[in-house]
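Trainee: Below is one structure. I have some questions about it.
Protein chains: 2
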Amino acid sequence: MNEIEFEKRKTIKQVEESTALAPKFDQDGLIPVVTTDFSSGEVLMQGYMNEEALKKTITLGEAIYYSRSRKILWHKGKTSGLIQKIKEIRIDDDQDCVWLRVDVQGGSSCHVGYRSCFYRSVPFGNDSSNTVLKFEVKEKVFDPKKVYGDAPNPTKL
Amino acid sequence: MNEIEFEKRKTIKQVEESTALAPKFDQDGLIPVVTTDFSSGEVLMQGYMNEEALKKTITLGEAIYYSRSRKILWHKGKTSGLIQKIKEIRIDDDQDCVWLRVDVQGGSSCHVGYRSCFYRSVPFGNDSSNTVLKFEVKEKVFDPKKVYGDAPNPTKL
Numbered sequence: 009m010n011e012i013e014f015e016k017r018k019t020i021k022q023v024e025e026s027t028a029l030a031p032k033f034d035q036d037g038l039i040p041v042v043t044t045d046f047s048s049g050e051v052l053m054q055g056y057m058n059e060e061a062l063k064k065t066i067t068l069g070e071a072i073y074y075s076r077s078r079k080i081l082w083h084k085g086k087t088s089g090l091i092q093k094i095k096e097i098r099i100d101d102d103q104d105c106v107w108l109r110v111d112v113q114g115g116s117s118c119h120v121g122y123r124s125c126f127y128r129s130v131p132f133g134n135d136s137s138n139t140v141l142k143f144e145v146k147e148k149v150f151d152p153k154k155v156y157g158d159a160p161n162p163t164k165l
Numbered sequence: 009m010n011e012i013e014f015e016k017r018k019t020i021k022q023v024e025e026s027t028a029l030a031p032k033f034d035q036d037g038l039i040p041v042v043t044t045d046f047s048s049g050e051v052l053m054q055g056y057m058n059e060e061a062l063k064k065t066i067t068l069g070e071a072i073y074y075s076r077s078r079k080i081l082w083h084k085g086k087t088s089g090l091i092q093k094i095k096e097i098r099i100d101d102d103q104d105c106v107w108l109r110v111d112v113q114g115g116s117s118c119h120v121g122y123r124s125c126f127y128r129s130v131p132f133g134n135d136s137s138n139t140v141l142k143f144e145v146k147e148k149v150f151d152p153k154k155v156y157g158d159a160p161n162p163t164k165l
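Respectively, the protein sequence lines represent chains A and B. In terms of the working numbering, the first sequence opens at residue 9 and continues consecutively. In terms of the working numbering, the second sequence opens at residue 9 and continues consecutively.
In structure tokens form, the structure reads like this:
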């Protein structure tokens with residue numbers, strides 16, 4: 009398979025209105041990635057890719073992120089078995105964000121054990137005087153202790 | 009209405025498994041935000057909020073972002089009329105990302121004129137040798153020239 013090449017960003021019209029893939033990576037060399045469940049549309053997680061991760065994701069058809077805490081490429085699901093199979097890749101108008109639509113083999117994308125990382129809602133509007141989070145998803149899909157053992161928790165304070 | 013206060017981030021268990029709203033802002037004081045259409049589930053855009061924008065969004069029930077290019081709070085739709093009415097706010101496991109589910113009055117969230125910013129797909133897997141973007145959405149909802157006039161395009165090369 010040929011190596012993928014990204015186009016140089018030349019004009020706003022090229023970036024927004026053409027078929028040229030010319031992604032923009034930030035000062036740290038990263039592009040944010042939104043990952044949704046292909047069937048339910050639920051947002052599963054938000055992560056980052058560097059250039060290598062995006063190229064490998066495109067070629068392999070499985071989600072490969074860049075872990076900012078561990079500073080390595082991160083083939084999602086390699087430890088837990090919960091691989092994200094790509095069904096569609098979208099890129100936004102100014103090509104500084106990627107949207108992945110995936111099928112998760114095993115059904116979970118969250119290291120805490122829930123299906124989605126976004127298992128809590130924030131009250132708003134008339135309810136916003138009391139900002140107590142509400143658990144929208146109560147059932148865990150897996151037990152993180154059994155899957156990850158003593159591996160360090162990626163959440164940073 | 010009372011001013012919203014966020015909790016201090018104390019422990020991983022508090023951040024991941026409690027009802028305390030303790031969002032994490034990055035070194036620039038920002039938190040990434042994924043915005044989806046409440047009805048279709050489509051990802052409309054990805055933006056950023058600072059602390060003030062998140063508090064105002066929660067209180068008002070309409071999406072207020074922080075514009076990194078203009079360095080100001082950005083009440084989405086104030087110019088175009090395409091206000092994003094919040095239907096649900098979710099926060100992720102480590103509370104460093106926000107997911108907004110919105111109804112867009114007018115039906116578009118993209119400054120180029122499309123319904124969603126993610127109107128192009130990237131071929132992958134066996135199709136990845138030819139990385140030509142495909143337009144998945146062909147119809148614009150509005151004419152950006154009529155709506156924005158000569159305002160500077162937010163896309164940066």
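The C-beta atom is built at its ideal place from N, Cα and C for all residues, glycine as well.
From which residue to which residue does the beta strand (DSSP E) around B/K93 run?
Mentor: Here residue 93 of chain B refers to the residue found at position 85 of the second sequence. Q92 to I99 is the extent of the beta strand (DSSP E) around B/K93.
Trainee: In chain B, which residues lie less than 7 Å from A/R128 when you measure between Cβ atoms?
Mentor: By one-based count along the first sequence, residue 128 of chain A stands at place 120. The contacting residues are R98 and I99.
Trainee: Could you give the distance in angstroms between the alpha-carbon of A/P162 and the alpha-carbon of A/P152?
Mentor: In the first sequence, counting from the first residue as 1, residue 162 of chain A sits at position 154. In the first sequence, counting from the first residue as 1, residue 152 of chain A sits at position 144. Those two C-alpha atoms are separated by around 12 Å.
Trainee: If contact is defined by three or more beta carbon pairs under 8 Å, each pair taking one atom from either stretch, is the stretch 51–66 of chain B in contact with the stretch 111–131 of chain B?
Mentor: These segments touch.
Trainee: Considering Cα atoms alone, identify which of B/K84, B/F150 and B/I80 is closest to B/Y122.
Mentor: Your numbering for residue 122 of chain B matches position 114 in the second sequence. For the residues B/K84, B/F150 and B/I80, the minimum Cα distance to B/Y122 belongs to B/F150.
Trainee: Taking Cβ-Cβ distances shorter than 8 Å, what residues in chain B pair up with A/G49?
Mentor: Numbered from 1 along the first sequence, position 41 holds the residue referred to as residue 49 of chain A. Neighbours of A/G49 on chain B, chain order: T44, S48, G49 and E50.
Trainee: Determine whether the beta carbon atoms of A/T43 and A/V110 lie at a separation below 8 Å.
Mentor: Here residue 43 of chain A refers to the residue found at position 35 of the first sequence. Here residue 110 of chain A refers to the residue found at position 102 of the first sequence. Yes, these two residues count as a Cβ contact at 8 Å.
Trainee: DSSP puts B/H83 in a beta bridge; with which residues?
Mentor: As a position in the second sequence, residue 83 of chain B is number 75, starting the count at 1. B/I72, per the DSSP bridge assignment.
Trainee: How is A/L62 classed by DSSP in three states: helix, strand or coil?
Mentor: Start at 1 with the first residue of the first sequence, and residue 62 of chain A comes out as number 54. If DSSP states are grouped into helix, strand and coil, A/L62 belongs with the helices.
Trainee: Need the endpoints of the alpha helix (DSSP H) that A/Y156 sits in, please.
Mentor: Walking along the first sequence from the start, residue 156 of chain A turns up at place 148. Start and end: P152 to Y156.
Trainee: Please go through the stretch 120–153 of chain A and give each complete beta strand (DSSP E) segment of 3 or more residues, from N-terminal end onward.
Mentor: Runs of the beta strand (DSSP E) inside the stretch 120–153 of chain A: none found.
Trainee: Is DSSP giving A/Q35 helix, strand or coil here?
Mentor: As a working note, residue 35 of chain A is residue 27 in the first sequence. Correct three-state label for A/Q35: coil.
Trainee: Check the DSSP bridge columns for A/V23 and list the partner residues they point to.
Mentor: For the purposes of this step, residue 23 of chain A is taken as the residue at position 15 of the first sequence. Bridge partners of A/V23: none, in fact.
Trainee: So the candidates are B/K154, B/E96 and B/E147; which of them puts its Cα closest to the Cα of A/S129?
Mentor: Within the first sequence, numbered from 1, the residue matching residue 129 of chain A stands at position 121. Comparing Cα positions, the closest option is B/E96.
Trainee: Cutting at 8 Å between CB atoms, please list the residues of its own chain near A/P40, excluding the five before and the five after it.
Mentor: Against the first sequence, residue 40 of chain A aligns to sequence position 32. The answer, listed in chain order, is Q54, G55, Y56, D104, C105 and V106.
Trainee: Could you tell me which residues DSSP pairs with B/W28 in its beta bridges?
Mentor: If you number the second sequence from 1, residue 28 of chain B lands on position 20. According to the sequence provided, residue 28 of chain B is Ala. The question's Trp does not apply to it. Paired residues: A/V140.
Trainee: So does A/Y156 have its beta carbon nearer than 7 Å to some heavy atom of the ligand GTP?
Mentor: Ligands are entirely absent from the displayed structure, and the ligand GTP is therefore not among its contents.
Trainee: B/S117 CB to nearest chain A CB: under 8 Å?
Mentor: Residue numbering aside, residue 117 of chain B sits at position 109 when the second sequence is read from its first letter. False, the Cβ-Cβ gap to chain A never drops below 8 Å.
Trainee: Kindly indicate if chain A contains any beta-carbon less than 8 Å away from that of B/F33.
Mentor: As a position in the second sequence, residue 33 of chain B is number 25, starting the count at 1. Not closer than 8 Å to any Cβ of chain A, the Cβ of B/F33 fails to qualify, so no.
Trainee: Using 8 Å as the limit for Cβ to Cβ distance, is B/T139 near chain A?
Mentor: Start at 1 with the first residue of the second sequence, and residue 139 of chain B comes out as number 131. With 8 Å as the cut-off, B/T139 counts as an interface residue toward chain A.
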